[in-house]
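S.K.: Numbering (my numbering), first residue to last: 13 to 145. Every residue, glycine too, gets a C-beta built ideally from N, C-alpha and C. These numbers were taken from a predicted model, which means no experiment stands behind them. Here it is: the structure, laid out below.
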Amino acid sequence: MINPQSEIRNRKSVEEGVMPVRVIIQRWVRYGRETELRAALEQMRLQALNQPGYISGETLRCPSDPSLWVVISTWETMADWQRWAQGGDRAEFETRIAHLVAAPTQVLGLESIAIDRAPRAGLDLKPEILGGT
Numbered sequence: 013m014i015n016p017q018s019e020i021r022n023r024k025s026v027e028e029g030v031m032p033v034r035v036i037i038q039r040w041v042r043y044g045r046e047t048e049l050r051a052a053l054e055q056m057r058l059q060a061l062n063q064p065g066y067i068s069g070e071t072l073r074c075p076s077d078p079s080l081w082v083v084i085s086t087w088e089t090m091a092d093w094q095r096w097a098q099g100g101d102r103a104e105f106e107t108r109i110a111h112l113v114a115a116p117t118q119v120l121g122l123e124s125i126a127i128d129r130a131p132r133a134g135l136d137l138k139p140e141i142l143g144g145t
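Structure follows, in structure tokens:
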């Protein structure tokens, strides 16, 4: 899901040298609880759509270990992510899904230092590197 308003702001931010952040969340779902976790994650992503700074998110599952689910979300700034992460809605969500996961949730926030884009429609796009060329 992509938040169109954030995507437009994000393009402008990248042009100005401000890079978005990615948050990687790993969860190991208990066997037989996949449907419940998927529904809960979809609900949480819908709530995230309305958060300031939210750009996009996706949920992935590891083919070699189907119990490992990864959510990757993109935010305009680390402060935007932290405001959402520390909010009551998200904390309540983590409590609500605790019985669906087999291990503690792991969260990693990463700041972008380079973004590569494939050329589109004749545009000559080059990798963007924070603080360089």
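Less than 8 angstroms between the CB atoms is what I'm expecting for residue 49 and residue 112, so what's the real figure, rounded?
M.R.: The pair is a contact, with the Cβ atoms about 5 angstroms apart (cut-off 8 angstroms).
S.K.: Looking at the strands, I want to know which residues DSSP matches up with residue 123.
M.R.: Answer is 33, bridged to residue 123.
S.K.: Thinking C-beta only, is residue 90 closer than 8 angstroms to residue 30?
M.R.: No, the pair does not count as a contact, with Cβ atoms beyond the cut-off.
S.K.: Which of helix, strand or coil does DSSP assign to residue 69?
M.R.: Three-state result, residue 69: strand.
S.K.: Applying the criterion that 16 or more other CB atoms from any shown protein chain within 10 Å of the CB defines a buried residue, is residue 68 buried or exposed?
M.R.: So residue 68 counts as buried.
S.K.: Compare the Cα-Cα distances from residue 122 to each of 96, 84 and 130 and report the closest residue.
M.R.: Looking at the Cα atoms, 84 is the closest of the given residues.
S.K.: Taking C-beta to C-beta, are residue 55 and residue 101 nearer than 8 angstroms?
M.R.: No, the Cβ-Cβ distance between residue 55 and residue 101 is not below 8 angstroms.
S.K.: Taking the alpha-carbon of residue 81 as reference, which of 126, 63, 53 and 66 has the nearest alpha-carbon?
M.R.: The shortest C-alpha separation from residue 81 is found at 53.
S.K.: When the distance is taken between beta carbons, is residue 117 closer than 8 angstroms to residue 63?
M.R.: Taking 8 angstroms as the Cβ cut-off, residue 63 and residue 117 do not qualify as a contacting pair.
S.K.: Let me check one thing: in DSSP terms, what residues is residue 76 bridge-paired to?
M.R.: For residue 76, which the question treats as bridged, DSSP gives no partner whatsoever.
S.K.: How would you call residue 86, buried or exposed, if buried means at least 16 neighbouring beta carbons within 10 angstroms?
M.R.: Buried, by the Cβ-count rule.
S.K.: Leaving out the 5 sequence neighbours to the left and right, which residues in its chain are closer than 7 angstroms to residue 42 when beta-carbon positions are compared?
M.R.: The residues are 112, 113 and 114.
S.K.: Who are the Cβ neighbours of residue 76 in its own chain at under 7 angstroms, not counting the five residues just before and after it?
M.R.: Correct list: empty, nothing qualifies.
S.K.: Can you grab the Cα-Cα spacing for the pair residue 18 / residue 109, in whole Å?
M.R.: For residue 18, the predicted structure reports a pLDDT of 46, less than 50, and the residue's modelled location is therefore unreliable. A value from the coordinates is still provided. Rounded to the nearest angstrom, the two C-alpha atoms are 28 angstroms apart.
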